[in-house]
Every structure is written in structure tokens, then in C-alpha cells.
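Shown next, in C-alpha cells, is the structure this report addresses.
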Amino acid sequence: MTEKEGGLAFLPLGGTGEIGMNLNLYRLDDTWLAIDCGIGFSGNDTPEAEILTPDPTFIMEQRDKLAGLVITHAHEDHIGAVAHLWSRLQCPVYATPFASVVLRRKLGEARLDQKVKIHTIKCGGRFNVGPFDIEFIPVTHSVPEAQALALRTPYGLILHTGDWKLDPTPLVGPPTDIDRLREIGDEGVLALVGDSTNVMTQGPSRSEAEVREGMTALIGSLKGRIAVTCFASNVARVETIAMAAQAAGRTVVLVGRSLRNLDVAARECGYLSGVLPFLTEQDVNNLPDDQVVMIITGSQGEPRSALSRIASDVHPNVALGEGDTVIYSSRMIPGNERAIMQVQDNLTRRGVTVLTDRDAMVHCSGHATGDDVRTMYELIRPQYAVPTHGEWRHLTAHAALAQEKGIPAILLEDGDILNLAPGVVEVVDTAPTGRLAVDGNRLLAMNGDVLAARRKMLFNGIVLASFAVDDEGYVIGEPKVSAPGLLDSDEPENIRVREEFANAIDEIPDELRMDDQSFREAAKTALRRALGRKIQKRPLVDVHVLRV
1 MTEKEGGLAF LPLGGTGEIG MNLNLYRLDD TWLAIDCGIG FSGNDTPEAE
51 ILTPDPTFIM EQRDKLAGLV ITHAHEDHIG AVAHLWSRLQ CPVYATPFAS
101 VVLRRKLGEA RLDQKVKIHT IKCGGRFNVG PFDIEFIPVT HSVPEAQALA
151 LRTPYGLILH TGDWKLDPTP LVGPPTDIDR LREIGDEGVL ALVGDSTNVM
201 TQGPSRSEAE VREGMTALIG SLKGRIAVTC FASNVARVET IAMAAQAAGR
251 TVVLVGRSLR NLDVAARECG YLSGVLPFLT EQDVNNLPDD QVVMIITGSQ
301 GEPRSALSRI ASDVHPNVAL GEGDTVIYSS RMIPGNERAI MQVQDNLTRR
351 GVTVLTDRDA MVHCSGHATG DDVRTMYELI RPQYAVPTHG EWRHLTAHAA
401 LAQEKGIPAI LLEDGDILNL APGVVEVVDT APTGRLAVDG NRLLAMNGDV
451 LAARRKMLFN GIVLASFAVD DEGYVIGEPK VSAPGLLDSD EPENIRVREE
501 FANAIDEIPD ELRMDDQSFR EAAKTALRRA LGRKIQKRPL VDVHVLRV
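With the first letter of the sequence shown counted as 1, position 258 gets the number 258 in full-length UniProt numbering; the numbers rise by one all the way through.
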């Protein structure tokens, strides 16, 4: 940061202008605070990567000034990147009991559980992180123990909402603490940094109690095997499905690792105490079809999820077919539409009935509607509104609602550094941002060479050639050319490419033949020319030269 080094500033590194990958930073004088650290899932525009994280380079380079990371709730887009990025941040983490349990399991899988210091803060608790005086304020969301944050600083009070909604009957956990929010507003709030995801929906939020009523009626009316897919972290929804199943005399089976992890974490924190223990997918075939309800991961069409494999009939334990029903108790996250429809199409092809929230009351959003946001502004009465967490259309709609209330709204892109105090509230600088792809146990830059090569291979293919030469650089035998995904080994086009490549190698000047690197580059140029003329594409090419 080059301007206004003192004072209070806000910087979103992820989650503004898109859904997912939340990583927010606040600076108080020369100390930084991180809020949330989440993953995003690949969409149609990034087929070369499945899981994405924000690029933390900006804060990593000054992590000696990073006081800590506070988690607002246990959703993947707010907590899922901690295990991937903590080694670059190396700061203490603060979270509620449920989020702490979820995070410890993730860190354990990454073998970081003994390295990361997690401070467990009670819901509604007040604590300090460096110079930041922070208060958790319970809010309703589709995961237990979601918290808004009141950040008290010498320059003013900031309310960071996290994900929230207004639901008087959330069933799991308390409703949003409206009285405390009003008291925070009475203190005087400099800025509200707020969730925008569902702001375009009009009217009040629907309640989880309505979903329970609708789910109970629906499950009680169906025959055959029933499978319900939902977000694994939605404890209230899992409880709703389980209670609806029990009311219909059915046994609940969990299918998918993330659901099993959720079950353990929830029961450890005292949730799901009113439902019987769940069976595992290995037990499902021991139950009559009319006595089972399966809760299955994969509501967003993730290719390796349990539901995707069931739809393709490649799951090792579970099969669905004629007379069975799959209920989607979830929303479509923008960007996942094609993948979700493909899974639903595969299920329908197998004779499965697919039901969604268009057919019955089986889902409600965990995010604030436009009416909820209006109520929040009436409670908080901030001097400024800073819409965040959502696509650009959501941010602009949120800004319009704030301006209805006479509150100026400031729209930010990821990387914008917003000066909040002292002086004019305005963007004063920008920080480098980007996305990293989780690739096994490593992180790769989306604009780096590895993924650039993968994109090229995905759309244009790859061609590998190899040949042997003697100590003077002349070819021994015939070159081999392999073009998986482009050419069959025995088709005439492949033979013509190989012949043209062989002829081109023979024409490489003698002065290039004695240096392996020069010879290899000349051979790659020859291969590109042969391919360009024959298949009218520009695949990634590589050549291996063996000198014997």
C-alpha cells in the first residue's frame, strides 16, 4: 500500500464480483486482520481446474503484520481454503466451536492440525485480535453458529455481516440477534460491509420451518428409494431430512465423505441430538426400498461427487432407477447450471424422478433477501454501505437498496483498497489479486505456465514426438508421433503427419544437430508445421531426442 498508511482500510482479495473464495482484509494503522478464507469451485470458464482459492500474495508478503484470521462460519467458501493457504499466512485463527471442529478436521487431513493455533470463541463473544476489538453477533444462515462481526477501532465501528438472513424459526441455532444489531446501530456505525448474494430476491426470507413442513409431506407421499441432495454443511437441512424420514418410517443413510464429516462435527457440538444415528452407504442394500432415505453429496454437479457417480451408474454401493426419486434441496450456484443439468439428465435417463424447489417446498436460501437487507440498514444506520460477496449484478442491486435508505454505497473490485478513516472514504490504491488452482497437494497460478499448457491441451490437444539420432545427429530408424485426443494411431492423417515430420527432420541444418536443445527446438518447429498443414490446429507439442 502506497497511500494513507495510517487509519482504517478495507481490502477484499476474493469474493467481490463473484460467488465464493471469500478473503477479506482490514488494516488498522499498520496491523492487518483477515476475515474468512474460502474456496470456489470451477465453472464453465475454468475447466482445467476444479477447486480455486484466492491468491494471498499481497498479505503473505507482510504476514508479520497479520494479527489473525477470523472465520464467520463453516461454509466452504469461507473456511475451505484455510488448509491450503495457512502455510502462507501462518497466523492464529479465531472461530466458533462448530467452525473450529470443522476446521480441525480439514487441517488434520492436511497434517496441519498440530501447527495451526485455533482460538475457539463462543457465539456472541467479544475478543481482541491485535488492536482489533471484535464482537461476534449471532445471525441465521444455512450452517450453525454463523456470526456477523462488529469491529471497534479508534476510527469508527465497522459491521461485517458475513452470510446471514432473517428467519424467526431457523430450527438449528438461534435467530439473528436483531436487538443486538439495533444496539450496534445505536453506537454509530461507520460502514456496513454486507452480503449481497440473494439481494435480488424480493419479499421476506423463507424459513427452515417451512422447508421441514414441505419435506415431511413430500417424503411421506413417495414410494421407492428416496435420495435427497443438499449442501453438506447445512445441519438444519440434514436434520429436516432426517426428521421427515423418521416421520415416514424410513431409515437415513449418508452417502458422501463430507456428509459423514458433518455428522461427526455436528454431534460433537451438540447438534442433531434429536435424530437417530445415520447408517452408512454400505448398509443401504440391506434395507427395503420403501424404508430408506439417502442424503447424498453432489448437489452442484461436482464430477467426482457421490450423486454424479450414481447418476452415471458407477458408484460402488448405491444404484437408483425406475421408481426412485431424487430431491434437490439446494439452489444452483451460478456457473454450475450445466453440470447440474447433466446429472439430472442422467438420472432421468435411468428412470429416476427428479424433484426441485420448483416442484415442492424443499429449499430456502440462507442469504438475506432484499427486504432483509432493508431491515438491516434500518437497524444499523451506517454512514456508508460496502456491498460484497456476490456477482456484480448482486453488488449493484445491493447498492441501490442502500441508496434507497439515503446511505452512500461504494462498489469495489477485488484488490481495491478502500480508505475508511480518517478523511474521505474512497479507493486509494489497489493490491495484486488472482486465483490459484488446487492441484493435488500444490497450488498453481491460474495464469501460470502449467495451467496455460493444460488449457491448450484441453482445447487443442497435445502431440508428442520422439526419435533417436547417432553421435553426428542423424536419425536412426523412424520417428514416433503420438497425438492422444487428436489422431488415432492407425488413421491415414497420423501416418501423413509422421512422414512429413520425418522429412522435415532430415532437412534440419547440420549446425543445429550437435546441440540437443537447438536440435529439439528445430524439431518442434518442424512438427508444428506438419500439424498445422494437416489438421488445422495448434496443439501443445513436445519432442524427445534420444542420442545413441
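We put the CB at the ideal spot given by N, CA and C, even for glycine. Just so it is clear, the structure is predicted and the values come from calculations on it, not from any experiment.
Measuring only the C-alpha atoms, how far is residue i from residue j?
i, j, result
"D506", "L307", "54 Å"
"A242", "L320", "20 Å"
"T356", "Q62", "47 Å"
"V543", "N494", "16 Å"
"A360", "R182", "35 Å"
"N261", "V284", "19 Å"
"A399", "R309", "41 Å"
"C91", "L69", "7 Å"
"D168", "H141", "Per the sequence shown, residue 168 should be read as Pro rather than Asp. Rounded to the nearest angstrom, the two C-alpha atoms are 12 Å apart."
"R394", "V199", "With the sequence shown as reference, residue 394 is identified as His, and Arg is not the correct amino acid for it. Taking the straight line joining both Cα atoms gives about 6 Å."
"R212", "G415", "41 Å"
"G434", "R257", "30 Å"
"G185", "Q403", "17 Å"
"T251", "M294", "8 Å"
"R529", "L451", "24 Å"
"Y26", "L157", "12 Å"
"P288", "S273", "26 Å"
"L254", "E302", "17 Å"
"P509", "S466", "19 Å"
"T201", "C364", "12 Å"
"E78", "S299", "Before going further, note that residue 78 is His rather than Glu in the sequence given. Distance between the alpha carbons of H78 and S299: 18 Å."
"E511", "R520", "13 Å"
"E337", "D345", "12 Å"
"A83", "N441", "11 Å"
Let me make sure I understand the geometry here. Which of the options has the alpha-carbon closest to that of residue i?
i, options, result
"I226", "Y271, G124 and V352", "V352"
"S330", "K480, V238 and P170", "V238"
"I134", "H78, A67 and N198", "A67"
"A523", "V475, P484, V548 and P492", "V475"
"V343", "R304, Q147 and T153", "R304"
"L11", "D179, A34 and T53", "A34"
"Q147", "I79, A191, S205 and H73", "H73"
"L8", "L259, M514 and V428", "V428"
"G14", "E391, E478 and A397", "E391"
"W86", "V101, H75 and K106", "K106"
"S518", "V362, I333, D55 and V545", "V545"
"T153", "A83, G6 and V235", "G6"
"D313", "R349, M341 and G370", "R349"
"I407", "Q114, I118 and E378", "E378"
"H75", "R126, M21, M60 and Q114", "M21"
"R513", "L486, D470, S482 and I462", "D470"
"P539", "L222, V463 and M341", "V463"
Mind checking whether residue i and residue j have CB atoms under 8 Å apart?
i, j, result
"Y271", "V172", "yes"
"Y94", "V129", "yes"
"L218", "I380", "no"
"R374", "L401", "yes"
"T325", "G220", "no"
"A209", "E145", "no"
"P422", "G194", "no"
"L52", "A437", "yes"
"R547", "D515", "no"
Checking the sheet assignment: what are the DSSP bridge partners for residue i?
i, result
"W32", "R27 and L66"
"K165", "T140"
"S466", "K480 and H544"
"D416", "T430"
"L531", "Partner(s): none; L531 has no beta bridge."
"residue 571", "Nothing can be reported for residue 571, as the shown portion of the chain is limited to 1 through 548."
"P12", "N24"
"G40", "L52"
Using beta carbons (cut-off 8 Å, strictly below), is residue i in contact with chain B?
i, result
"Y94", "In the structure shown, chain B cannot be found, because there is only a single protein chain."
State yes or no: is the C-beta of residue i nearer than 7 Å to some heavy atom of the ligand MG?
i, result
"S305", "With respect to the ligand MG, the structure shown offers nothing to examine, as it has no ligands at all."
Give the list of continuous beta strand (DSSP E) stretches no shorter than 3 residues that lie fully inside the segment 345-408.
Counting only runs of 3+ residues, the beta strand (DSSP E) found wholly inside the segment 345-408 occupies 353-355 and 384-388, in chain order.
Which ranges does the beta strand (DSSP E) cover as unbroken runs of at least 3 residues, wholly within the segment 68-152, from first to last along the chain?
Within the segment 68-152, the complete beta strand (DSSP E) runs of at least 3 residues are 93-95, 118-120, 126-129 and 132-138.
Taking the runs of the beta strand (DSSP E) that are 3 residues or longer, which of them lie wholly in the segment 205-255?
Counting whole runs of 3 or more residues, the segment 205-255 contains the beta strand (DSSP E) stretches 226-229 and 251-255.
Could you tell me which uninterrupted beta strand (DSSP E) segments, each at least 3 residues in length, are contained entirely in the segment 165-190, listed from first to last along the chain?
Fully enclosed beta strand (DSSP E) runs of 3 or longer: not present.
Report the residue ranges of all alpha helix (DSSP H) runs contained in full by the segment 257-304; include only those spanning at least 4 residues, in chain order.
DSSP runs (the alpha helix (DSSP H)) wholly in the segment 257-304: 257-268.
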